C-alpha cells in the first residue's frame, strides 16, 4: 500500500470515528468534577418555628410584612480554599411530571404571584471558605405587605462558584450542588386546582406529538398522582394518541407539558378537530378520599400544521446517510487497495 492510499484511508476512518464519538467527553467530565468537590451543608433550623419537627428543610408559617432569618452552615472538607455560590430557586413541575427543587425554572407559571428569590436575600452571593473550615451563611426573608393564602415552595442552593474543569483546549462545566427545601405557608394550605392550560400539536425528536399543558393554579402542593390521557377525533372514541404517568406530583402555581405520541394511521395526522382527554388521580391526604380531575379540551389541526408535523425529520436522515456513505467509501478504498496488493 503506497503512502497516498494509506493517508486517504486513515483520513476517512478518522473522520467517521470523529463524527460517531464527538459527544462523549462531557459526561466523563461531570464525574471527574464531582469527585473533586468535597463540601457539604447543614441547614440551621429553628425548632420552635418548624411545622414539621422531623423535616430536614425549612418549614414554617409566614405573615405579611415580617422579617425572618435563615442560616446555613457550609463545611469545606477539602485541603484547599473553595468559593460557594448561594441562590434561591422556585420549585416547579418538570417535564417528567414531578416536583423539581434543583434547577432554575426559566418559565414561571402565570399564576405565581410571589417568587422565593424576590423575598430572600443574602449579604453576599458568594462565600469563601478556607481549607477544612466552615462558614455560616445568613439569609433574610422579607414578606410583602400582601400575601395570598397558600404555599411558597423552593430551595436554597449552594454550589461551587466556578465549576469549570480545565483540560487541553477545552473548558468543561459540571453542576454539583446541594439544595435544601424551603416551604413557607401563608394563612392555610388550599386544595390544589388543575386545568388544561393549552393543547398543541408539535414534533419532538422527529415524532408527532400532542402536547397537553396541565396547570396547578393554586398555591398548594399536589402529591401521589397518576395521569392517563388520550386523543381522539372530536365526537369519536378511537384513541389516536395515548400517555400515562405512574407517579406524578405538582408544585404550587406550576405547570408541565404532557406529551402524547401519535400512534395510528401510520403517523398521518389529518386536518380537523380533535379532543384531548386527561384524568389526573390523586390519593393525597389533603383530600378525604381519592380525587380525580377529568379534563378535556378541543384543538384544531389545520392543513399547514398537519403537513409540518407529518413531514420527515431532515437532519436526522441526512446525518445518517452521510455517515453511511463515508463508511461505504472507506470500505471500497480498502477493498481496492487489498485487491491491487493481491495482484502484485
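In mature numbering (1 follows the signal peptide of the UniProt record, and there is no 0), the protein residues as written are -29 to -1, 1 to 315. Backbone N, C-alpha and C define an ideal beta-carbon position, used for all residues, glycine too. Computed from a predicted model, the values in this text were never measured in an experiment.
Residue i classed as buried or exposed, judged by whether at least 16 other C-beta atoms fall within 10 angstroms
i: residue 27; result: exposed
i: residue 318; result: Residue 318 is absent from the structure shown; the chain starts at -29 and stops at 315.
i: residue 88; result: exposed
i: residue 309; result: exposed
i: residue 242; result: exposed
i: residue 73; result: exposed
i: residue 163; result: buried
i: residue 269; result: exposed
i: residue 95; result: exposed
i: residue 189; result: buried
i: residue 200; result: buried
i: residue 292; result: exposed
i: residue 313; result: exposed
Nearest to residue i (by Cα), restricted to the options the options
i: residue 127; options: 165, 55 and 190; result: 55
i: residue 104; options: 63, 71, 65 and 53; result: 53
i: residue 255; options: 187, 155, 193 and 20; result: 193
i: residue 267; options: 298, 249, 186 and 261; result: 249
i: residue 76; options: 269, 296 and 222; result: 222
i: residue 196; options: 258, 212 and 148; result: 258
i: residue 93; options: 43, 50 and 300; result: 43
i: residue 198; options: 262, 224 and 41; result: 262
i: residue 78; options: 90, 63 and 97; result: 63
i: residue 229; options: 212, 19 and 61; result: 212
i: residue 208; options: 218, 220, 176 and 245; result: 245
i: residue 176; options: 19, 158, 280 and 16; result: 280
i: residue 158; options: 191, 165 and 166; result: 191
Euclidean distance between Cα positions of residue i and residue j
i: residue 9; j: residue 251; result: 42 Å
i: residue 231; j: residue 247; result: 9 Å
i: residue 152; j: residue 108; result: 16 Å
i: residue 133; j: residue 106; result: 18 Å
i: residue 82; j: residue 112; result: 22 Å
i: residue 147; j: residue 131; result: 7 Å
i: residue 214; j: residue 302; result: 44 Å
i: residue 3; j: residue 40; result: With a pLDDT of 35 at residue 3, under the threshold of 50, the modelled position of that residue is not reliable, and the figure given next carries that caveat. The straight-line gap from Cα to Cα measures roughly 36 Å.
i: residue 22; j: residue 182; result: 38 Å
i: residue 216; j: residue 149; result: 28 Å
i: residue 296; j: residue 311; result: 23 Å
i: residue 154; j: residue 97; result: 23 Å
i: residue 14; j: residue 37; result: 21 Å
i: residue 143; j: residue 253; result: Residue confidence for residue 143 is low, a pLDDT of 42 falling below 50, so the modelled location carries little weight; the figure read from the coordinates is stated next. Going by the C-alpha atoms only, they are around 42 Å apart.
i: residue 29; j: residue 16; result: 7 Å
i: residue 57; j: residue 260; result: 41 Å
Residue i and residue j closer than 8 Å at C-beta
i: residue 316; j: residue 205; result: Residue coverage of the chain in this structure runs from -29 to 315, which leaves residue 316 outside it and unanswerable.
i: residue 114; j: residue 33; result: yes
i: residue 101; j: residue 46; result: no
i: residue 272; j: residue 239; result: no
i: residue 129; j: residue 278; result: no
i: residue 264; j: residue 179; result: no
i: residue 84; j: residue 119; result: yes
i: residue 65; j: residue 305; result: no
i: residue 35; j: residue 116; result: yes
i: residue 91; j: residue 110; result: yes
i: residue 61; j: residue 86; result: yes
Residue-chain proximity (residue i, chain C), Cβ-Cβ < 8 Å
i: residue 68; result: Checking the listed chains, one finds no chain C in this structure; it contains a single protein chain.
For residue j and residue i, believed in contact at Cβ under 8 Å, the rounded distance
i: residue 125; j: residue 59; result: 6 Å
i: residue 122; j: residue 160; result: 6 Å
i: residue 80; j: residue 186; result: 7 Å
i: residue 210; j: residue 219; result: Their Cβ separation, rounded to whole angstroms, is 20 Å, which puts residue 210 and residue 219 out of contact at 8 Å.
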